[in-house]
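This report concerns only the one structure given below.
There are 2 protein chains.
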Amino acid sequence: MPRRPLTNPRKYATQERSRATVDTLIEATARILVREGFDKASTNRIAEKAGVSVGSLYQYFPCKEALVAAVIDRHQQQLMQIVRDALADVAALPMEQAVRRLVTVAIEAHRVDPKLHRVLAEQLPRTGRLENVEVFNRETYALFRAYLEAHRDELRAVDLDLAAFVCVTSIEALTHTAVLHHPEVLSDEAKDTLVEEATRLVVRYLS
Amino acid sequence: MPRRPLTNPRKYATQERSRATVDTLIEATARILVREGFDKASTNRIAEKAGVSVGSLYQYFPCKEALVAAVIDRHQQQLMQIVRDALADVAALPMEQAVRRLVTVAIEAHRVDPKLHRVLAEQLPRTGRLENVEVFNRETYALFRAYLEAHRDELRAVDLDLAAFVCVTSIEALTHTAVLHHPEVLSDEAKDTLVEEATRLVVRYLS
DNA sequence: TGAGAATACGAGCGATCACTCGCATTCACT
DNA sequence: AGTGAATGCGAGTGATCGCTCGTATTCTCA
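Here the protein sequences come in this chain order: A and B. Each residue of the first sequence is one higher than the one before, counting from 591 in the numbering used here. Each residue of the second sequence is one higher than the one before, counting from 591 in the numbering used here.
Written as structure tokens, this is what we have:
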């Protein structure tokens, strides 16, 4: 069993100068991933693009993977916060309104930085950080399950875990696929139609 | 615009000896992908595992990508044939029975060679063969759309393209995620439950 | 202001990998 | 048996990449 390389910073940046270096490196990594692709994201290239030497890079990141992991974490945290906020906003709404809102938010979330999202989605497996997404998914299941539990009176009898899995997976797949692979479905009124269809899918399933 | 390396064989194998070599190489590639992962699938390793020299490998495959592409194509053709057969079988069935059967087939299809399927699904982006999957998807949309068209009397008024997109994407995501990431959902009676839930999702959406 | 800590530098090491090329072996056909 | 084509071989080439290490610069604080 090969030990996964640590992704914690090798050294914590204390001076402002070095904190700036760290940010610059993460930002450069994200930009290269988006504009040149995963294969071009070599440590030398990242350092060059960041205007930092490779040596300095390795002062703060123990290995290349740690850099990409930092980009992933930053993006994931952004998305997860959107999901948390949305489910909090929606907690008191009746099912149809709640689901419609959640579908809309899911589309918006995929649009935060779609190019980065796409690169990360496509290249995540080779980073060995897939379990992070699993954690993210589990939290989403749990949050949505909690909503369902609070609205049991609007539901048919159903295994809540399974229902949450079915709903979250479907919404995620529909919005993800639409945004990343079928942008034509998202031209304003077409977007509204998609939202309505996804809402219908989930609401009629649950009731 | 970088020219994509050709993936056609550099030379067509005519003698039986060489056809066997080609098969052995493809098979070895698949086995290494499954058992050792994408990163270990170097041309030297593939040749070694196949008991063939690197030189011979390059007689028949112009580049490494062509080898992986051959594995992908073989797997895709298998799956696509299952989908075609299923939709033909189901053409005359009423909606609920048809959808239930299709969901079941989708699960079976993901189970043909789940480990290979997973590696390919995860590593496909880096092979630059993503459009192949797009072609596969488009055919699936079209086939399902044709079913819907033939059963319009069982449907509400709806944009058939959109409905096909919603149904196919949902079924694919549910079965894919269940098989690859939540195998616990697939223990016989749990599998039946999943099939029923997915069927309900799609049927109630369409009617 | 001086000393030590923190930060930054970048040439270069060692390893890996895709792929080539000159030569050896085996086949098809006469 | 003989010949040319087809097939097979594998050491070697050049390029890339992740990462180190000895050194130079800048910061902190007494």
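Beta carbons: idealized from backbone N, C-alpha and C, even for Gly. Just so it is clear, the structure is predicted and the values come from calculations on it, not from any experiment.
Interface annotation for the stretch 754-765 of chain A against chain B: Phe755, Val756, Thr759, Ser760, Glu762, Ala763 and Leu764, criterion Cβ-Cβ distance under 8 Å. With a beta-carbon spacing of about 7 Å, Leu692(A) and Ile761(A) fall inside the 8 Å limit used to define contacts. With the rule of 3 Cβ pairs closer than 8 Å, the stretch 614-621 of chain B counts as touching the stretch 636-646 of chain B. When secondary structure is reduced to three states using DSSP, Gln668(A) falls in the helix class. Contacts with chain A at 7 Å (Cβ-Cβ) include Thr767(B). Between Val775(A) and His700(A), the C-beta spacing is not below 7 Å.
In this model, Ala659(A) and Glu606(A) are separated by some 22 Å (Cα to Cα).
Assigned with DSSP and collapsed to three states, His741(A) falls in coil, not helix or strand.
Arg691(B) sits in a helix when the DSSP states are folded into three classes. Of all residues in the stretch 702-718 of chain B, the ones placed with a Cβ closer than 8 Å to any Cβ belonging to chain A are Glu712, Gln713, Pro715 and Arg716, in chain order. Neighbours of Tyr648(A) in chain B, taken as residues whose beta carbon is under 7 Å from its own, are absent, since the nearest beta carbon is some 22 Å off. Using a CB distance cut-off of 7 Å, Leu791(B) counts as an interface residue toward chain A.
Cβ neighbours of Val792(A) within its own chain (closer than 6 Å, five residues either side excluded): Val689 and Cys757. Only buried fits Leu796(B), as 16 or more other CB atoms lie within 10 angstroms of its CB. Shown here, Asp679(A) sits in a helix according to DSSP, grouped into three states. Contacts with chain A (Cβ-Cβ distance below 8 Å) from the stretch 777-789 of chain B involve Thr783, Leu784, Glu787 and Ala788, listed in chain order. Boundaries of the alpha helix (DSSP H) harbouring Phe755(B): Leu750 to His771, taken from the DSSP string.
Contact of Tyr795(A) with chain B is assigned, a C-beta pair being separated by under 7 Å. The shortest C-alpha to C-alpha distance from Val642(B) to any of Asp613(B), Leu710(B) and Glu626(B) is the one to Asp613(B). Excluding sequence positions up to five before and after Leu657(B), its CB lies within less than 6 Å of the CB of Thr619 and Phe651, all in the same chain and listed in chain order.
Classified as buried, Pro715(B) has 16 or more neighbouring CB atoms from the shown chains inside 10 Å of its CB. Under the 10 Å beta carbon count, Gln667(A) is surrounded by fewer than 16 other beta carbons and is classified as exposed. When secondary structure is reduced to three states using DSSP, Ser646(B) falls in the helix class.
Pairing Ala678(A) with Gln713(A), the inter-Cα distance amounts to about 31 Å. Apart from sequence neighbours up to five positions away, the residues of its chain that approach Ala696(B) with a beta-carbon distance below 6 Å are Ile761 and Thr765, ordered along the chain. Residues of the stretch 734-754 of chain B with a C-beta atom less than 9 Å from some C-beta of chain A are Val748, Asp749, Leu752 and Ala753, listed in chain order. Taking a C-beta distance under 7 Å as the contact criterion, Ala747(A) and Arg735(A) do not qualify as a contact pair.
Counting along the chain, the unbroken alpha helix (DSSP H) around Gln713(A) starts and ends at Pro704 to Gln713.
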